[in-house]
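Structure first, commentary second.
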Amino acid sequence: MASRSTARLEIRQAKLKDVRAIGELVRRAYDDLPAYTQGEIRGQINNYPEGCFVALFDGAVVGYCASMRLDARVALSDHTWDEVTGNGFGSRHDPTGDWLYGYELCVDPAVRGTRLGRRLYEERRALAERLDLTGIVFGGRMPGYARAKRRKANRADTPQEYLDLVIESKIHDPVLRFQLANGFEAAGIMPKYLPEDKASRGNAVRMIWRNPYVDSDAPPKHRLPRDVESVRIATCQLQARAVSGFDEFMKQIEYFVDVAADYEADFIVFPEMFTVMLLSAEPKELTPLEAIEALSDYTPRIRQRLSEMALAFNINIIGGSHPTRMPDGDIHNVAYVCLRDGSIHAQEKIHPTPNEAYWWNIKGGDSIDAIPTDCGPIGVLICYDSEFPELARRLVDEGARIIFVPFCTDSRQGYMRVRYCSQARAIENQCFVVMSGNVGNLPNVANMDIQYAQSCILTPCDFPFARDGIAAEASENVETLTISDVNLADLSWARAEGTVQNLADRRFDLYRIEWDKRVGNSKDPLGEQHVTGQKPPIGPHGAGGG
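Below is the structure:
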C-alpha cells in the first residue's frame with residue numbers, strides 16, 4: 159500500500175487568524191524598519207483579501223505578501239509608501255483598478271533560499287492574469303545604495319546611478335537583482351518613498367511587470383458590477399422599565415432578539431447602558447458609584463446569556479454597553495458583541511463624557527478595532543465616541559462597513575449631537591451607521607430620569623442609497639424594533655464609482671492619523687477622577703448626551 163506524507167509548504171490566501179503570526183514575521187524579516195500594528199495587518203486583509211497571501215512551512219507563517227488594485231493614475235504616479243497604502247492599512251484599494259500594486263513582501267530569514275519569494279510573486283502574477291489586469295507595479299527597495307555612496311570603485315552618488323550600475327551588473331544588490339530576474343523592469347526612481355528605509359536612503363525603484371495577455375494600449379474596462387450583498391439590521395429602541403431581577407431583565411432582551419430573529423435579521427443592536435434597568439431591582443436607591451459597582455457584578459452573566467442567545471437565535475448581538483470592572487480595577491463602559499458563531503468581542507468606550515467620569519468614575523479605553531463577523535468587519539462606537547471622527551476612520555481603514563452606535567441621551571440636544579455626527583461618519587467614510595437608544599425613565603435610578611431617542615439606520619448620500627441618507631428610523635421616544643436591509647455592495651460601488659469618493663480622495667500627502675498604543679489611562683494617586691470641590695459637569699440626573 160502506497161504511503162503519502164503531508165505537504166510541508168503551503169501558500170494560501172491570508173486570513174485574520176494569521177494577523178499575529180504575520181506581525182511577528184515582519185519583525186523578524188525587517189529588524190531595521192518599523193513593525194506593523196495588528197490593526198494595519200487586519201486592514202490589509204480586510205480591504206483586499208484576494209491580494210494577500212501567506213506561505214506556511216510546517217504550519218508556521220514564513221512568508222507574506224500584500225497587494226491591492228489601483229488605477230494607473232495612482233499606481234504609476236510619484237508617491238510615497240504611506241500615501242499609496244493609506245498609512246499601511248491598504249485602504250486605497252480600488253476594485254476597478256487595472257494595476258495590481260504590491261506594497262509588502264517578506265520572507266523569514268530562517269527559510270531564505272527556498273524560493274518562497276519567487277512563489278509569492280507567482281501568486282501575484284496569477285492573480286493579475288486571472289483578473290485581466292494591465293500588470294503589477296511596486297516600489298522596490300535598494301538596500302545597497304547607502305553603502306555604494308561610500309565606495310571608491312563603482313561609486314554611485316545618486317539613486318539613478320546606483321540603479322544603472324545594478325542593471326549593468328557592476329554592483330550586486332540582492333533585492334533589485336531578484337526583482338529584475340523575476341521579469342520586472344525598472345521604470346525610474348521614487349525619492350522619499352519610505353524615509354524609514356535608511357539602507358535605501360528612503361528611495362525606491364518603480365518596478366513594473368506588464369501582463370502579456372492584455373492589450374496595454376486598449377483603455378481598461380474594469381467596472382464594478384452593482385451586485386447584491388444584503389445584510390438585514392435590527393436596531394432596538396428600548397423602554398426603560400422596572401424589573402424584579404436578572405431573569406426578568408433578560409426576558410425583555412430575549413423578546414426583541416426573538417422578534418429580530420423571526421425577521422431573519424443578521425444583527426440586532428441594543429442601546430448604551432441598557433443594563434441599567436437591573437438597578438431597579440435593588441432594595442434601595444444606590445449612589446452613582448454604588449450603582450456602577452452593582453452593575454459591574456452582572457458582567458459574567460450578561461456575557462454568557464447574550465452569547466447563548468446569539469447561538470440559539472442565529473443572530474449577531476451588539477449588546478449596547480455595560481459598565482465593567484477591568485483587571486486594573488478601573489470601571490470601563492464596554493460593548494459586548496456576541497456573534498452567532500459563539501465568539502464574544504469587547505469594545506470599550508474610548509471617551510467617557512464629563513458626566514460619566516465625574517459621577518460614575520468611568521475611565522476610557524485605549525484601543526478600537528474592527529470586529530470580524532460572518533457579514534464582514536464591523537465597528538462599534540459607543541455614543542460620545544461617534545463625535546470623534548478619528549475613531550470611525552480607523553475602523554473603516556481596518557475594513558469596517560457597518561458601524562454600530564449604541565447611545566444614551568437625556569435631551570434632544572444630546573441626541574442630535576450623536577445623530578448629526580453619526581450621519582457625518584456615514585458620509586465621510588462611505589459606510590452604514592446604526593444607532594440604538596433608550597427611552598422612558600427609571601425614577602429610582604440615578605441618571606435615568608428621562609431619556610430621548612430616535613434610533614435609525616443611516617447611509618451615505620449618493621444614488622444607490624435612500625434619498626435623505628436614512629434607510630430606516632424609529633418614531634421618537636417609543637419602544638420599537640426598526641429593521642432594514644442594506645446592501646454592502648452599494649458601499650463598494652460608491653467608494654469606487656460614486657459621485658464623490660471620500661475615502662479615495664483623502665490627501666495622504668498632507669495628513670494622517672496615528673494611533674499611539676503606548677498611551678494608557680493616567681491615574682490620580684488617590685484613584686479619584688475629580689478634585690474635591692470641583693463643580694459637577696451637569697448634575698447627578700443628566701446623562702449629558704454621549
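Here my numbering = 1-based position in the sequence shown + 158.
Beta carbons: idealized from backbone N, C-alpha and C, even for Gly.
The Cβ atoms of Asn587 and Glu387 lie no closer than 8 Å to each other. In this structure the segment 601-618 lies against the segment 574-591, because at least three pairs of beta carbons, one per stretch, are closer than 8 Å. Out of Asp322, Ser525, Pro510 and Phe296, the CA that lies nearest to the CA of Gln337 is found in Phe296.
Between the beta-carbon of Trp257 and that of Gly298 there is about 15 Å, and that puts the pair past the 8 Å contact cut. Taking all protein chains in view, the Cβ of Asp667 is surrounded by fewer than 16 other Cβ atoms within 10 Å, so the residue is classified as exposed. For Glu448, there is no enclosing beta strand (DSSP E); the enclosing alpha helix (DSSP H) covers residues Pro446 to Ser454. Counting along the chain, no alpha helix (DSSP H) covers Trp673, and no H or E run does either. When His490, Leu291 and Phe247 are compared, the shortest CA-CA separation from Ala504 is found for His490. Contact between the segment 621-637 and the segment 392-401 is present: three or more C-beta pairs spanning the two stretches fall below 8 Å. With fewer than 16 neighbouring CB atoms inside 10 Å of its own CB, Gly271 falls in the exposed class. Where Ser465 is concerned, the enclosing alpha helix (DSSP H) starts and stops at Thr457 to Phe471. Taking C-alpha positions only, Pro481 is separated from Asp420 by approximately 30 Å. Residue Arg166 holds the alpha-carbon nearest to the alpha-carbon of Leu274 among Arg288, Arg166 and Leu352. Cβ neighbours of Ser454 within its own chain (closer than 7 Å, five residues either side excluded): Pro481, Thr482, Arg483 and Ile489.
Ala345 counts as exposed, since fewer than 16 other C-beta atoms from the protein chains shown sit within 10 angstroms of its C-beta. Within the segment 479-551, the runs of beta strand (DSSP E) that reach at least 3 residues and sit entirely inside it are, in chain order, 489-496, 502-506 and 536-538. In this chain, the beta strand (DSSP E) harbouring Leu639 covers Thr638 to Asn645. If you look at Ala357, you'll find it isn't in any beta strand (DSSP E); DSSP assigns it neither H nor E. Segment contact: the segment 445-462 against the segment 510-528, three or more CB-CB distances shorter than 8 Å; contact assigned. DSSP places Phe247 in the coil class of the three-state scheme, outside both helix and strand.
Asn204 is a Cβ neighbour of Glu556, given a cutoff of 8 Å.
Between the segment 180-194 and the segment 227-243 there are fewer than three inter-stretch CB-CB distances shorter than 8 Å, so the stretches are not counted as touching.
The residues Val401, Ser402 and Gly403, in chain order, have a CB closer than 7 Å to that of Ala439 in the same chain once the five nearest residues on each side in sequence are set aside.
Per the DSSP secondary-structure output, Tyr222 pairs in a beta bridge with Val212 and Cys264. Collapsing the DSSP output to three states places Leu437 in a helix.
A distance below 7 Å between beta-carbons, with the five flanking residues on each side excluded, links Asp385 to the following residues of its chain, in chain order: Ala647.
DSSP places Pro564 in the strand class (E or B) of the three-state scheme.
Beta-bridge partners of Phe590 (DSSP): Ile560. According to the DSSP assignment, Gln395 belongs to the beta strand (DSSP E) that extends over Ser388 to Ala398. Within its own chain, the residues whose Cβ lies closer than 6 Å to the Cβ of Glu506, once the five positions on either side in sequence are excluded, are His490, Val492 and Gly523, listed in chain order.
Annotated as proximal: Asn596 and Cys566, with beta-carbon spacing under 8 Å. Secondary structure at Gln659: coil, using DSSP grouped into helix, strand and coil. Within the same chain, Asn474, Ile475, Cys496, Leu497 and Arg498 come within 7 Å of Ala468 by CB-CB distance, once the 5 residues on both sides are set aside. Per DSSP, Arg170 is one residue of the beta strand (DSSP E) stretching across Leu167 to Gln171. Judged by DSSP secondary structure, Val333 falls within the alpha helix (DSSP H) whose first and last residues are Pro332 to Ala339. Distance from the CA atom of Arg664 to the CA atom of Phe623, rounded to whole angstroms, is 22 Å.
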